[in-house]
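Heads up: the sequence shown runs through residues -4 to 117, numbered per the numbering used here.
Glycine is no exception: its CB is placed at the ideal position from the N, C-alpha and C atoms.
Data first, discussion second: the structure below is written as structure tokens.
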Amino acid sequence: MPGLNPKVAVHHLAVKKSSRPIKQGQRRFRPELVPSIETEVNRLIEVGFIREVLYPTWLSNIVLVRKQKWTNKGHETLTFMDGSSWYNQIRMDPADEELTAFRTPNGVYCYKVMFFRLKNIR
């Protein structure tokens, strides 16, 4: 997987020790959306951005968002964050990967990389 060397940058999640793990219940999706979810999950697995998780302590549902076509609209100079791997170039600390666990109709996965809009909240 392309991206920053983990010796340069690794994302750590600042989770308070007193925080209680939360597991959200399974959300139902319209049947016509399930193939799109499967396609996206398979693509993310293939490029190495996510992996399957068996027994997560934290678990959230996915939120589906309709995408508009992206164009760079004259911005030819892109930062390293906008490279071929989108925003997913900073690896998660392996100890924190399972804290990003999410549920899909076909399984539970977690991010191996920092996904867009992930930040520490205190």
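Own chain partners of Ile17 with C-beta closer than 8 angstroms, once the 5 adjacent residues on each side are dropped: Here the question's residue 17 lines up with position 22 in the sequence shown. Around Ile17: Trp53, Leu54 and Ser55.
Three-state secondary structure assigned by DSSP to Ser14: One-based indexing of the sequence shown puts residue 14 at position 19. Coil at Ser14, not helix or strand.
Whether Thr99 touches Val36 by CB criterion (8 angstroms): The residue you call residue 99 lines up with position 104 of the sequence shown. The residue you call residue 36 lines up with position 41 of the sequence shown. For Thr99 and Val36, yes; Cβs fall inside 8 angstroms.
Span of the alpha helix (DSSP H), counted from its first residue to its last, around Glu33: Position 38 of the sequence shown, counted from the first residue, corresponds to residue 33. Looking at the DSSP string, the run of the alpha helix (DSSP H) that includes Glu33 is Val29 to Val42.
Assigned exposure category for Tyr50 - 16 Cβ within 10 Å defines buried: Position 55 of the sequence shown, counted from the first residue, corresponds to residue 50. That one is exposed.
Cα-Cα separation between Val48 and Arg25, rounded to whole angstroms: Mapped onto the sequence shown, residue 48 falls at position 53. Mapped onto the sequence shown, residue 25 falls at position 30. Going by the C-alpha atoms only, they are around 24 angstroms apart.
Start-to-end residues for the beta strand (DSSP E) that takes in Gly102: Taking the sequence shown and counting its residues from 1, one reaches residue 102 at position 107. Counting along the chain, the beta strand (DSSP E) containing Gly102 begins and ends at Gly102 to Tyr106.
Nearest-angstrom beta carbon gap, Ala4 and Ile85 [assumed within contact, 8 angstroms]: For the purposes of this step, residue 85 is taken as the residue at position 90 of the sequence shown. For the purposes of this step, residue 4 is taken as the residue at position 9 of the sequence shown. Confirmed, about 5 angstroms.
Among Ile45, Phe97 and Gln19, nearest to Ile57 - alpha-carbon criterion: Stepping through the sequence shown from its first residue, residue 57 is reached at position 62. Nearest option by C-alpha distance: Phe97.
Member of Arg46, Asn101 and His6 whose CA lies at the smallest distance from the CA of Pro30: By one-based count along the sequence shown, residue 30 stands at place 35. Of the listed residues, the one whose Cα sits closest to Pro30 is Asn101.
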